[in-house]
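Asker: One structure, pasted below without further comment.
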Amino acid sequence: MISHLLCVLLLLVFYVLQTTIFSQTKLLSGTADIILLFLAAWSLQEQIKNSWFCIIAAGLLVSSISAMPYFAPLISYLGVVLISKALQRRIWRTPLLAMFLVVLLGTFFQHGVYVLVLQITRAPITWRESLDHVILPSALLNLIFALPAYAIVKDLAGRISPLEVEV
């Protein structure tokens with residue numbers, strides 16, 4: 003219960019930072035998505051067992067300010083957490099490597115969903131243009147901010163439920 007409360011509070015803080023500061027930090031037309039970074043870092047924590055509540059809350063928050071259909075952020079964030087859980091089982095000894103892989107793959111998945119939705123709604127955007135001007139710059143910015151986001155989330159998650167130490 004405390005982890006859900008902390009998740010919502012952190013999500014609100016990251017949401018405010020996303021809408022005020024990070025949306026103005028652009029590289030070409032790409033921006034960092036620190037809510038994606040938060041979900042990736044949160045779902046990689048061993049002591050956090052259930053991330054589904056955070057996915058729904060994040061998807062609803064982002065849907066409220068996005069011009070995308072409401073299901074697009076939900077699908078993209080669900081994909082990020084599924085990638086995170088799959089990598090956590092395979093690369094469990096090196097969480098930073100897992101974080102960078104989740105952020106990179108999650109960014110490509112998220113923007114792939116967004117471009118697909120835009121093309122279905124007949125927006126005049128091509129894959130090449132979106133890759134060059136949005137996806138790759140966003141991936142670079144997300145990788146730059148991945149380490150600080152992981153450190154903050156790991157510290158706060160460790161404070162609410164520290165791992166047991168074997169003697």
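Sequential numbering of the sequence shown, starting at 3, is according to my numbering.
Note that beta-carbon positions come from the ideal geometry of N, C-alpha and C, so glycine has one too.
What residue range is occupied by the uninterrupted alpha helix (DSSP H) comprising L76?
Answerer: Looking at the DSSP string, the run of the alpha helix (DSSP H) that includes L76 is F73 to R92.
Asker: Alpha helix (DSSP H) containing N144: first to last residue?
Answerer: Note, N144: alpha helix (DSSP H), L138 to I162.
Asker: For G61, tell me which candidate among G160, A42, W44 and I37 has the shortest Cα-Cα distance.
Answerer: Checking every option, the nearest Cα to that of G61 belongs to I37.
Asker: Closer than 6 Å by C-beta to I137: which residues in its own chain qualify, once you throw out the five before and the five after it? Chain order, please.
Answerer: Excluding positions up to five away in sequence, the list reads H113.
Asker: Anyone know if the C-beta pair for S68 and H135 falls short of 8 Å?
Answerer: Taking 8 Å as the Cβ cut-off, S68 and H135 do not qualify as a contacting pair.
Asker: Check whether the stretch 101-110 and the stretch 38-48 are in contact - that is, three or more C-beta pairs closer than 8 Å.
Answerer: Yes, they touch.
Asker: Please state whether the Cβ-Cβ distance between V10 and A59 is less than 8 Å.
Answerer: Yes, they are a contact pair.
Asker: Measure the C-alpha to C-alpha separation of L84 and R130 and round it to an integer number of angstroms.
Answerer: Answer to the nearest angstrom: the Cα atoms are 26 Å apart.
Asker: Can you give me the C-alpha to C-alpha distance between Q121 and F147, rounded to a whole angstrom?
Answerer: Rounded to the nearest angstrom, the two C-alpha atoms are 29 Å apart.
Asker: Pop quiz: L80 and L103 are said to be a contact at Cβ under 8 Å. What is the actual Cβ separation, rounded to whole angstroms?
Answerer: At roughly 17 Å, the Cβ-Cβ gap does not stay under 8 Å, so L80 and L103 are not in contact.
Asker: How many Å lie between P97 and S132 at the Cα?
Answerer: Distance between the alpha carbons of P97 and S132 is about 30 Å.
Asker: Considering only the alpha carbon of each residue, which of I23, S86 and F73 lies closest to K51?
Answerer: It is S86 whose Cα lies nearest to the Cα of K51.
Asker: Nearest-angstrom Cα distance between R161 and R95?
Answerer: So the two alpha carbons sit approximately 21 Å from each other.
Asker: Among residues of its own chain, excluding the 5 on either side of F16, which ones have a beta-carbon nearer than 7 Å to its beta-carbon?
Answerer: Answer for F16: I36, I37 and F40, listed in chain order.
Asker: With distances taken Cα to Cα, identify the nearest neighbour of I57 among M70, A74 and Q49.
Answerer: Ranking M70, A74 and Q49 by Cα distance to I57 puts A74 first.
Asker: Whose C-beta lies closer than 6 Å to the C-beta of L149 among residues of the same chain, with five residues either side of it excluded?
Answerer: Contacts found: none.
Asker: Assign F33 to one of three DSSP states: helix, strand, or coil.
Answerer: Here residue 33 turns out to be Thr, not Phe, going by the sequence shown. Strand.
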